[in-house]
Amino acid sequence: MRSSCLPAQKAEFCEKYNNAKPMTAPPMLFDLKEDLGEVNQLASQQTQRLKKLLTELTQ
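Numbering (our numbering), first residue to last: 359 to 417.
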């Protein structure tokens, strides 16, 4: 909240916020979740590759 906001505006915002009905997440969050899933998958693949390399090196 910007400090230039009038107290009346702040009160109105708080009232709207407190009385807001639950809503679904913005589409952007679903995209982010999908991207994170890809990142986790790539990280998992790299981890498997590293484990395999370490196993080969330590034999």
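Think of the CB as a built atom: it goes at the ideal place given N, C-alpha and C, for glycine as much as any other residue. A quick note: this is a predicted structure, and the numbers were derived from the prediction, not measured.
Where residue i sits in the DSSP three-state scheme
i, result
"residue 378", "coil"
"residue 403", "helix"
"residue 367", "helix"
"residue 385", "helix"
"residue 416", "coil"
"residue 360", "At residue 360, the pLDDT of 47 sits below 50, so the modelled position is not reliable; the number obtained from the coordinates is stated separately. Residue 360: coil per DSSP, three-state reduction."
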